[in-house]
Amino acid sequence: MTLFVASVSGLASADYDERQIEAWLSAVGDSQGWRSRLANGMTLVAEVESVIAGFIAFSSQGHVDLLFTLSEFARCGVASHLYRQAEERLRRTGVGVVDTEASKVAQPFFETMGFKTIEKEVVEVAGVALARFRMRKKLSKP
Ligand SMILES: CC(C)(COP(=O)(O)OP(=O)(O)OC[C@H]1O[C@@H](n2cnc3c(N)ncnc32)[C@H](O)[C@@H]1OP(=O)(O)O)[C@@H](O)C(=O)NCCC(=O)NCCS
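The sequence shown maps to residues 1129 to 1270 in the working numbering.
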């Protein structure tokens, strides 16, 4: 949760205004909600010299639920490494499609990873409208 707060606060301000960031961060108080969200799938954590630099959480069906990099490590390949590890695991278990709802910040990242944008959607979080993109990627057979 600490990484989530630092990542959103540090990396999302160019794409979302203050109210939107506050709303996005409102999920942070709900530790039970996070526990059950993380219990649903697999989480991989990236460590750089004992610092947790990022994490990815994804379901066994191929849905990427969470992906966050600490701002100090942005554009150093942390998320790419995490995503590739996740994709490799999914591919090995026969998953054919990976999907996600990407923030505006993450959309270019997922495009780089080979995802296509299906549609833009606006969701309401804590009473505030947040834009995001439904994206998917077809995986080749192992
Ligand atoms: C999106 C996010 C996870 C990317 O993490 P990262 O560790 O910086 O990503 P990487 O260093 O692996 O980036 C790999 C490539 O993706 C693309 N990319 C990543 N961030 C980008 C950005 N802000 N703008 C444009 N392209 C970007 C680039 O092609 C990059 O390669 P390059 O740095 O050699 O140009 C990170 O910005 C983040 O945590 N953002 C805030 C939270 C968020 O939006 N999470 C996603 C929720 S859906």
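Even glycine gets a Cβ: it sits at the ideal position worked out from N, Cα and C.
In this text, all values refer to a predicted model and were calculated from it rather than measured experimentally.
SER1141: which of LYS1232, ARG1262 and ILE1246 sits nearest, CA to CA?
LYS1232
Could you tell me if ALA1174 is buried or exposed, where buried requires 16 or more neighbouring beta carbons within 10 angstroms of its beta carbon?
buried
Quick check: SER1164 and MET1129, are their CB atoms within less than 9 angstroms of each other?
no
What first and last residue would you give for the beta strand (DSSP E) that runs through PHE1183?
1179 to 1186
Buried or exposed: which applies to VAL1250, given that a residue is buried once 16 or more other Cβ atoms fall within 10 Å of its Cβ?
exposed
Since ILE1184 and LEU1210 are thought to touch, with beta carbons under 8 angstroms apart, how far apart are those beta carbons, to the nearest angstrom?
4 angstroms
For the region 1147 to 1225, which segments carrying the alpha helix (DSSP H) assignment without a break, of at least 4 residues, lie completely within its bounds, in sequence order?
1159 to 1167 and 1206 to 1220
Please output, in chain order, the residues near ligand 1 using a CB cut-off of less than 5 angstroms to any non-hydrogen atom of the ligand.
SER1135, LEU1139, LEU1195, PHE1196, THR1197, ALA1202, ARG1203, GLY1205, VAL1206, ALA1207, SER1208, ALA1230, SER1231, VAL1233, ALA1234, PRO1236, PHE1237 and THR1240
Going by DSSP in three states, ALA1134 sits in which element: helix, strand or coil?
helix
Cβ-Cβ distance between ARG1264 and LYS1248 below 9 angstroms
no
GLY1224 versus LEU1166: straight-line alpha-carbon distance, rounded
22 angstroms
With DSSP as the reference, please indicate the residues paired to GLU1249 in a beta bridge.
ARG1260
Start and end of the alpha helix (DSSP H) containing SER1237?
The question names Ser, yet the displayed sequence has Phe at residue 1237. Note, PHE1237: alpha helix (DSSP H), 1235 to 1240.
When ALA1254, ARG1217, GLY1205 and ALA1234 are compared against LEU1194, the one with the closest alpha-carbon:
ALA1234
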